[in-house]
Amino acid sequence: MIDGMATILDDAVRALRAWQHDDAPVQLHPGDVGWFWRSGADATAAAVRTWSRDGRIVAVGLLDEPGLLRLTVAPDARRDEELARRLADDLARPERGVLPAGEVFLETPPGALVQDLLRGDGWHDGDAWTPLVRDLAEPVPDPGLRIEVTGPEQAHVRAAVQRAAFNGSTFTAEHWRDMASAPPYADARCLVGHDQDTPVAAVTVWSAGRGRPGLLEPLGVHRDHRGRGHGRAITLAAAAALRELGSSCAFVCTPSTNTAAVATYRSAGFRQLPERLDLRRAA
1 MIDGMATILD DAVRALRAWQ HDDAPVQLHP GDVGWFWRSG ADATAAAVRT
51 WSRDGRIVAV GLLDEPGLLR LTVAPDARRD EELARRLADD LARPERGVLP
101 AGEVFLETPP GALVQDLLRG DGWHDGDAWT PLVRDLAEPV PDPGLRIEVT
151 GPEQAHVRAA VQRAAFNGST FTAEHWRDMA SAPPYADARC LVGHDQDTPV
201 AAVTVWSAGR GRPGLLEPLG VHRDHRGRGH GRAITLAAAA ALRELGSSCA
251 FVCTPSTNTA AVATYRSAGF RQLPERLDLR RAA
């Protein structure tokens, strides 16, 4: 990866860290970029978009899938009309390379002005998402599983649980090493939960720094070991790890259609926040 791309990524992650606050925890997190880094530094650099003004980054986007852009804006610029119009214009023009032509989806922070502009330009509500948050001021109960922090020697175990938890996952130990070598992982941990000696669940947690919200991304239970409370257990372990890292709270966002996941997080002490909708532009 060339130096300029590395600098852009470093600056984007630094901005995302600074934008995380308890009063607005649901937005693009440095951990989202960190998890994408499993695809390698070059792919991550190609997926990140930044907008700057007067030498300061004011918006960051991550093309998480070919037709899905996860976009966030600096908290003090969410209602900035000049920035919102610039974003809307860039999103409408495939030749600018922000989004491809055809059907696309966009996630933005609730209340961002760019949402209003896009709805007035033919975008419609898309999929529903449910954010959940757990305060970490108090100690977290013991999860009831043996928890192991993944290091290079255990990367193959973490990868195997990931593949067994998510249909179609191609996550490998090499992907883990790429992710773990990235700057966002300096404040992250991968945890694997064991029922006796059997790995049954896994999660990666991402801190944005002491006193800021931390993220769970991803979390999954091995398909052969579901229905035994392991989802709640690994969620509690994730919250405890973030508390140890100094996070003020732990948050996660899951499709509203995944009612089982919502129930699992709530059982682990997470509070359900108002549902949010992404935006969809038809082909």
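Note that the sequence shown covers residues 1 to 283 in the UniProt record's numbering.
We put the CB at the ideal spot given by N, CA and C, even for glycine.
Item, Value
"Cβ-based neighbour list, Y265, same chain, cut-off 7 Å, excluding 5 preceding and 5 following", "L132, T235, V252"
"Alpha carbon of T170 to alpha carbon of L106, nearest angstrom", "25 Å"
"C-beta atoms of T204 and W35 nearer than 8 Å", "yes"
"Rounded C-alpha distance that separates S256 from S207", "24 Å"
"CB-CB length for P110 against R276, believed under 8 Å", "6 Å"
"Reduced DSSP category for residue 284 - H, G, I as helix; E, B as strand; rest coil", "Lying outside 1 to 283, the shown extent of the chain, residue 284 is not represented and no answer is given."
"Between the CA atoms of H29 and S39 - distance to the nearest angstrom", "17 Å"
"Cβ separation of D22 and C249, assumed to be a contact under 8 Å, to the nearest whole Å", "6 Å"
"Neighbour-count burial assignment, A12, 16 or more Cβ in a 10 Å radius", "buried"
"Ordered list of alpha helix (DSSP H) runs contained in the segment 67-103, each at least 4 residues", "81-92"
"First and last residue of the uninterrupted beta strand (DSSP E) at H222", "No beta strand (DSSP E) holds H222; DSSP gives it neither H nor E."
"Helix, strand or coil at S52 according to DSSP, with G and I counted as helix", "strand"
"Residues bridged to H21 (per DSSP)", "A24"
"For L91 and I2, the rounded distance between their alpha carbons", "Bear in mind that the predicted position of I2 carries a pLDDT of just 45, short of 50, making it too unreliable to give a figure here."
"Cβ contact check for the segment 59-66 and the segment 140-159: 3 or more pairs under 8 Å", "no"
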